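Residue numbers (our numbering), protein chains in the order written: chain G, 66 to 425; chain Y, 66 to 425; chain P, 66 to 425.
Report on one structure; see the data block that follows.
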Amino acid sequence: MFVKNCWYVAGWSHEIPKDGFLARTIVNVPLLFWRDNDDNVVVLEDRCCHRGAPLSMGRKEGECIRCMYHGLLFDKNGQCVGAPAQERIPPQAKVRTYPIVERHRWLWVWMGDPTLADESLIWDTQWLDHPEWRCEPGYLHYDCNYLLIADNLLDFSHLPFVHPTTLGGSPDYAEVKPKVERLEHGVRMTKWVYNTEAPAYSRKFGNYPPDAKVDRWMYYDFMIPGVLLMDTGMTPAGQGAANNMENSIKFRACQAITPETENSTHYFFAQAHDFLIDQPEVTHSIYQSVITAFEEDKNMIMAQQKNLARDSEFKMVPFSIDAALGQFRWLINRMIQKEQSADDQQPAAEAARKLVSGLR
Amino acid sequence: MFVKNCWYVAGWSHEIPKDGFLARTIVNVPLLFWRDNDDNVVVLEDRCCHRGAPLSMGRKEGECIRCMYHGLLFDKNGQCVGAPAQERIPPQAKVRTYPIVERHRWLWVWMGDPTLADESLIWDTQWLDHPEWRCEPGYLHYDCNYLLIADNLLDFSHLPFVHPTTLGGSPDYAEVKPKVERLEHGVRMTKWVYNTEAPAYSRKFGNYPPDAKVDRWMYYDFMIPGVLLMDTGMTPAGQGAANNMENSIKFRACQAITPETENSTHYFFAQAHDFLIDQPEVTHSIYQSVITAFEEDKNMIMAQQKNLARDSEFKMVPFSIDAALGQFRWLINRMIQKEQSADDQQPAAEAARKLVSGLR
Amino acid sequence: MFVKNCWYVAGWSHEIPKDGFLARTIVNVPLLFWRDNDDNVVVLEDRCCHRGAPLSMGRKEGECIRCMYHGLLFDKNGQCVGAPAQERIPPQAKVRTYPIVERHRWLWVWMGDPTLADESLIWDTQWLDHPEWRCEPGYLHYDCNYLLIADNLLDFSHLPFVHPTTLGGSPDYAEVKPKVERLEHGVRMTKWVYNTEAPAYSRKFGNYPPDAKVDRWMYYDFMIPGVLLMDTGMTPAGQGAANNMENSIKFRACQAITPETENSTHYFFAQAHDFLIDQPEVTHSIYQSVITAFEEDKNMIMAQQKNLARDSEFKMVPFSIDAALGQFRWLINRMIQKEQSADDQQPAAEAARKLVSGLR
Numbered sequence: 066m067f068v069k070n071c072w073y074v075a076g077w078s079h080e081i082p083k084d085g086f087l088a089r090t091i092v093n094v095p096l097l098f099w100r101d102n103d104d105n106v107v108v109l110e111d112r113c114c115h116r117g118a119p120l121s122m123g124r125k126e127g128e129c130i131r132c133m134y135h136g137l138l139f140d141k142n143g144q145c146v147g148a149p150a151q152e153r154i155p156p157q158a159k160v161r162t163y164p165i166v167e168r169h170r171w172l173w174v175w176m177g178d179p180t181l182a183d184e185s186l187i188w189d190t191q192w193l194d195h196p197e198w199r200c201e202p203g204y205l206h207y208d209c210n211y212l213l214i215a216d217n218l219l220d221f222s223h224l225p226f227v228h229p230t231t232l233g234g235s236p237d238y239a240e241v242k243p244k245v246e247r248l249e250h251g252v253r254m255t256k257w258v259y260n261t262e263a264p265a266y267s268r269k270f271g272n273y274p275p276d277a278k279v280d281r282w283m284y285y286d287f288m289i290p291g292v293l294l295m296d297t298g299m300t301p302a303g304q305g306a307a308n309n310m311e312n313s314i315k316f317r318a319c320q321a322i323t324p325e326t327e328n329s330t331h332y333f334f335a336q337a338h339d340f341l342i343d344q345p346e347v348t349h350s351i352y353q354s355v356i357t358a359f360e361e362d363k364n365m366i367m368a369q370q371k372n373l374a375r376d377s378e379f380k381m382v383p384f385s386i387d388a389a390l391g392q393f394r395w396l397i398n399r400m401i402q403k404e405q406s407a408d409d410q411q412p413a414a415e416a417a418r419k420l421v422s423g424l425r
Numbered sequence: 066m067f068v069k070n071c072w073y074v075a076g077w078s079h080e081i082p083k084d085g086f087l088a089r090t091i092v093n094v095p096l097l098f099w100r101d102n103d104d105n106v107v108v109l110e111d112r113c114c115h116r117g118a119p120l121s122m123g124r125k126e127g128e129c130i131r132c133m134y135h136g137l138l139f140d141k142n143g144q145c146v147g148a149p150a151q152e153r154i155p156p157q158a159k160v161r162t163y164p165i166v167e168r169h170r171w172l173w174v175w176m177g178d179p180t181l182a183d184e185s186l187i188w189d190t191q192w193l194d195h196p197e198w199r200c201e202p203g204y205l206h207y208d209c210n211y212l213l214i215a216d217n218l219l220d221f222s223h224l225p226f227v228h229p230t231t232l233g234g235s236p237d238y239a240e241v242k243p244k245v246e247r248l249e250h251g252v253r254m255t256k257w258v259y260n261t262e263a264p265a266y267s268r269k270f271g272n273y274p275p276d277a278k279v280d281r282w283m284y285y286d287f288m289i290p291g292v293l294l295m296d297t298g299m300t301p302a303g304q305g306a307a308n309n310m311e312n313s314i315k316f317r318a319c320q321a322i323t324p325e326t327e328n329s330t331h332y333f334f335a336q337a338h339d340f341l342i343d344q345p346e347v348t349h350s351i352y353q354s355v356i357t358a359f360e361e362d363k364n365m366i367m368a369q370q371k372n373l374a375r376d377s378e379f380k381m382v383p384f385s386i387d388a389a390l391g392q393f394r395w396l397i398n399r400m401i402q403k404e405q406s407a408d409d410q411q412p413a414a415e416a417a418r419k420l421v422s423g424l425r
Numbered sequence: 066m067f068v069k070n071c072w073y074v075a076g077w078s079h080e081i082p083k084d085g086f087l088a089r090t091i092v093n094v095p096l097l098f099w100r101d102n103d104d105n106v107v108v109l110e111d112r113c114c115h116r117g118a119p120l121s122m123g124r125k126e127g128e129c130i131r132c133m134y135h136g137l138l139f140d141k142n143g144q145c146v147g148a149p150a151q152e153r154i155p156p157q158a159k160v161r162t163y164p165i166v167e168r169h170r171w172l173w174v175w176m177g178d179p180t181l182a183d184e185s186l187i188w189d190t191q192w193l194d195h196p197e198w199r200c201e202p203g204y205l206h207y208d209c210n211y212l213l214i215a216d217n218l219l220d221f222s223h224l225p226f227v228h229p230t231t232l233g234g235s236p237d238y239a240e241v242k243p244k245v246e247r248l249e250h251g252v253r254m255t256k257w258v259y260n261t262e263a264p265a266y267s268r269k270f271g272n273y274p275p276d277a278k279v280d281r282w283m284y285y286d287f288m289i290p291g292v293l294l295m296d297t298g299m300t301p302a303g304q305g306a307a308n309n310m311e312n313s314i315k316f317r318a319c320q321a322i323t324p325e326t327e328n329s330t331h332y333f334f335a336q337a338h339d340f341l342i343d344q345p346e347v348t349h350s351i352y353q354s355v356i357t358a359f360e361e362d363k364n365m366i367m368a369q370q371k372n373l374a375r376d377s378e379f380k381m382v383p384f385s386i387d388a389a390l391g392q393f394r395w396l397i398n399r400m401i402q403k404e405q406s407a408d409d410q411q412p413a414a415e416a417a418r419k420l421v422s423g424l425r
């Protein structure tokens, strides 16, 4: 079960080659991404309406796609406009298209009712291509349900345990509970930890004295359906924290977890920085640290998933650190229920409308 | 669900080694093929009646097979005729045998009621060992249901799209619809395409001028449960087609798709030719072209199958090119229903008979 | 379905490293084995009560284990005694422990009701570390249900067929039926075969003349839940068998099959000998022969399992050699039923008790 009426991050802009396709499954639907003559992204269901062959095995012919099984031709609206030895193309011969927005290097696709596709619900990831920030695009594929990754991202008390030598810092970091606020479409976490150890991956960019303590902050929103937008960093300890940002190290993280199937997930991420932006090796070093840390998460989450799969009756004991993930799961479930009851009512509403129009 | 009362192609004659076994699963039943002292093929269920061990891990002892788990000995009728430390062999200790016919290099096995095994339902594949024809035996294994392969073989409009550089020819080939006739046990397709491109794989054997056009024909029967028998070829364009076969290139194709399980299929095939039959390299070149093309089909069909497996509610939009495959699937379903209702009636009939005999 | 109230062999003592963990799943429960400061073995469920992460990815801190996902700390009774940013640890925050006994190099774990854990039900495997015997520890992992392996061990008529060049001897060995007795917690098999071939693996240690015949004996108990304890060997033929053990070759085999999941099994084994005990190469040669033979069993059992999985309606035809395995399966089923009906009665008994105490 997935939320449908929301924008999912489907990929990085550069993943669609100039004259080719990106084939990617989102919430269990195979999708085909390509560009029309004006370089606009087109998204079609990657499954020919005739016999189900993938259109991604087909070829572009101008602004159309030809299925290379039996030669059906589809325009960019998904309508079949040609078929060998066929006098009349059945009008229902079409594949579904999806609203798509390309913004700040990310592709956002709307998998639900297209009339509800509201672009104001595309979260702001301006740091991905902001001239004063730099980042390297990241991607990981997970063989587990996306909610286990959401759980991980909604509780940063795991940092000193899962990432002791990368993002982590010292155990006292976990002792400070974040402030958790529910937003209309997500959860906001706020946390300052004072006089603590700097995380290994970023310590080196501050020119701080060895063993110098820092004040670390972390403000982030985790938005439906699984987008993390974070302002994080550190200042030298004792200089006033947020009131004196001199010599601070700042990051803006953009991360998105997008379900592929019930049991697999796409994970897109970048860790933008505003310092040393003319040194690509700094950007690359940050990327390397982040992906190393995310592999640490993946090891843990996959082991957790294996353990959970073994016993469907296992009951988790809740701790106070679970506040944010509990709220997020509640939001997701509420949206799914709303969408399902709307689906259930639709046939009834339609039947009623037909009945009424029959009476007139 | 499979048709049971029909002859399935189980393999090539040469696949049964002189003193050994061929183990192969057909319609989900593990079978053991071997030869008795008179070189006749014997087929036993490849599952010892005692604990289910495969007899194919056993050994031949004269005209018997010994299971090498606990030493049970079976004769060629499947009857257990020996067991260590057993005073009396239980009469129900036997494994099933199946009617088998070896003809024109193919092994045909009847998986249903043996009393219905009618040899006149073995289709004629004389070109496999005809002295005036040559072919090389082919085999492919598919991890998909056999009906997806039947669909492929029942609609040759895919040729110019899936096989552009092998069997295909030019796109106009797909524009000509074949004549489709229903037979009692299959479907007949007839098609001539005039003044078209010669397919790459056979063009070279005609000594036609470069870019010379040809008239191509294709007559084939696709018979229950999945046997394709085709007369195909080409004549130089404009010389009268079927009325003047001078300088024509002729093939006789024999192909059989045999379900292994619900999700896997054996595919046996040969493309016989009656020209240059003293040149084995010609025969081999034709075999190579055909297997290359069949791998192209396999790529497409496996991708299609993956797409179909993802969404059990996907509805195919029918096109007129689907006429033959629609008729064939109808035939198969009708036979399965007939066999099932016969199975359902059997216990009732037996109960009635017992009742009547009790009344006497 | 597994018997729970019994001792399962969980591993070899040496498998728990001094400062680390052994993680192993038994009857579908992931377990973590480690040693406290007094070198006593501790067993915890290897699944953190918080979010299900494996504790085996954690670290030892004194006599506690820290989960390295969110930092929860568990003592050796499984109680959570620390959690970052948590004022009060919920008392239900604990992981289950299991009774464990380390004896004669084997670890025995009780997976059921700990109040029923009766150490007198730990079978005697003294030969594993007896000063007058030597053996090398063996382990195999099977991808099949443990009962198929039990079947194999309960019917040694397979020896000359599955193991002709290792344990087997000549076919006459299978012609002698063992005496089978039901014990309270298992089955006892007794068999002497006179004037037969010596098995290849042990013949060489007897200095018998080439082709000399032997008298072979085999006494063994196969105990719930799957422990084989065997006294076996041979004397030169004709000297009086059990009445004159001169120049005999003696073995004591200890084997245990422990379900990992419904479809996988741990197999622990050793073949102890009391001759040439100062020659480690003899001990190793015996180990090599045994593991070679057990791989032969595994090949057969895995092929059998594949055949059985193909057809859930396959009915085995019983033979007289199945007497012991039939009795053992009956014992296992009776124990499972008893445990299940006890589980069913527990809530009723509890409800009755509450009702009564409410009435007082």
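The C-beta atom is built at its ideal place from N, Cα and C for all residues, glycine as well.
This structure is a prediction, so every number in the text was calculated from the model and none was measured.
query, result
"Chain P contacts made by the stretch 359-378 of chain G, where a contact means CB separation under 9 Å", "Asn364, Met365, Ile366, Ala368, Gln369, Gln370, Lys371, Asn372, Leu373, Arg375 and Asp376"
"Members of the stretch 190-219 of chain Y near chain P, C-beta cut-off 9 Å", "none"
"Residues that Pro155/P contacts on chain G, provided the C-beta gap is smaller than 9 Å", "Val382, Pro383 and Phe384"
"Contacting residues, own chain, Cβ-Cβ under 7 Å from Leu424/G (five flanking each side not counted)", "Any reading at Leu424/G must be qualified, since the residue scores a pLDDT of 46, below 50, and its modelled position is unreliable; the value itself is stated next. Excluding sequence neighbours, Leu424/G sits near nothing in its chain."
"Chain-ordered neighbours of Gly117/G on chain Y, where CB pairs are closer than 7 Å", "Gln369, Asn372, Leu373, Phe379 and Met381"
"Coarse secondary structure for Ser377/G, derived from DSSP in three states", "coil"
"Which listed residue (Arg161/Y, Lys141/Y and Gly117/Y) has its alpha carbon closest to that of Met133/Y", "Gly117/Y"
"Local Cβ density within 10 Å of Gly143/P, reported as buried at 16 or more and exposed below that", "buried"
"One or two residues paired with Ser313/P in a DSSP bridge", "Answer by DSSP bridge pairing: none, since Ser313/P is not bridged."
"Inter-residue spacing [alpha-carbon to alpha-carbon] between Leu432/G and Thr261/G", "No answer is possible for residue 432/G: it lies beyond the span of chain G, which begins at 66 and ends at 425."
"Residue environment, Ile146/Y, which counts as buried when at least 16 other CB atoms sit within 10 Å", "In the sequence as displayed, the identity of residue 146/Y is Val instead of Ile. Exposed, since its Cβ has fewer than 16 Cβ neighbours within 10 Å."
"C-beta contact flag for Met288/P and Gly233/P at 8 Å", "no"
"Cβ neighbour criterion (16 or more within 10 Å) applied to Arg112/G", "buried"
"Per-residue contacts from Ser235/G into chain P (C-beta, under 9 Å)", "The premise fails here: Ser235/G is roughly 11 Å from chain P at the closest Cβ pair, so nothing lies under 9 Å."
"Paired residues, beta bridge with Leu97/Y - DSSP", "Ala88/Y and Leu109/Y"
"Near-chain G residues of the stretch 91-112 of chain P - C-beta to any C-beta below 9 Å", "Asn93, Val94, Pro95, Asp111 and Arg112"
"Cβ contact check for the stretch 208-217 of chain P and the stretch 326-341 of chain P: 3 or more pairs under 8 Å", "yes"
"At least 3 beta-carbon pairs within less than 8 Å: the stretch 282-301 of chain Y vs the stretch 255-270 of chain Y", "yes"
"Cβ separation of Ala182/Y and Trp175/Y, assumed to be a contact under 8 Å, to the nearest whole Å", "4 Å"
"Contacts that Ala148/G makes with chain Y (C-beta to C-beta distance below 8 Å)", "Phe384 and Ile386"
"Ordered list of alpha helix (DSSP H) runs contained in the stretch 262-287 of chain G, each at least 4 residues", "265-268"
"Contact belief for Phe359/Y with Phe334/Y at Cβ below 8 Å, rounded distance in angstroms", "7 Å"
"Tyr73/P at chain G interface by Cβ criterion, 8 Å", "no"
"Range covered by the alpha helix (DSSP H) that runs through Tyr211/P", "Tyr211 to Leu218"
"DSSP bridge partner residues for Gln320/P (one or two, in chain order)", "Leu293/P and Phe334/P"
"Where Gly143/P sits in the DSSP three-state scheme", "coil"
"Between the CA atoms of Lys380/P and Asp409/Y - distance to the nearest angstrom", "21 Å"
"Residues, ordered as in the chain, of the stretch 234-264 of chain G that lie near chain P by beta-carbon distance below 8 Å", "Pro236, Ala239, Glu240, Val241 and Lys242"
"Closer than 7 Å at the beta carbon, the chain G residues around Val227/Y", "Met133 and Tyr134"
"Own chain, CB closer than 8 Å to Leu390/G, minus 5 neighbours either side, in chain order", "Ala215, Asp216, Leu219 and Asp220"
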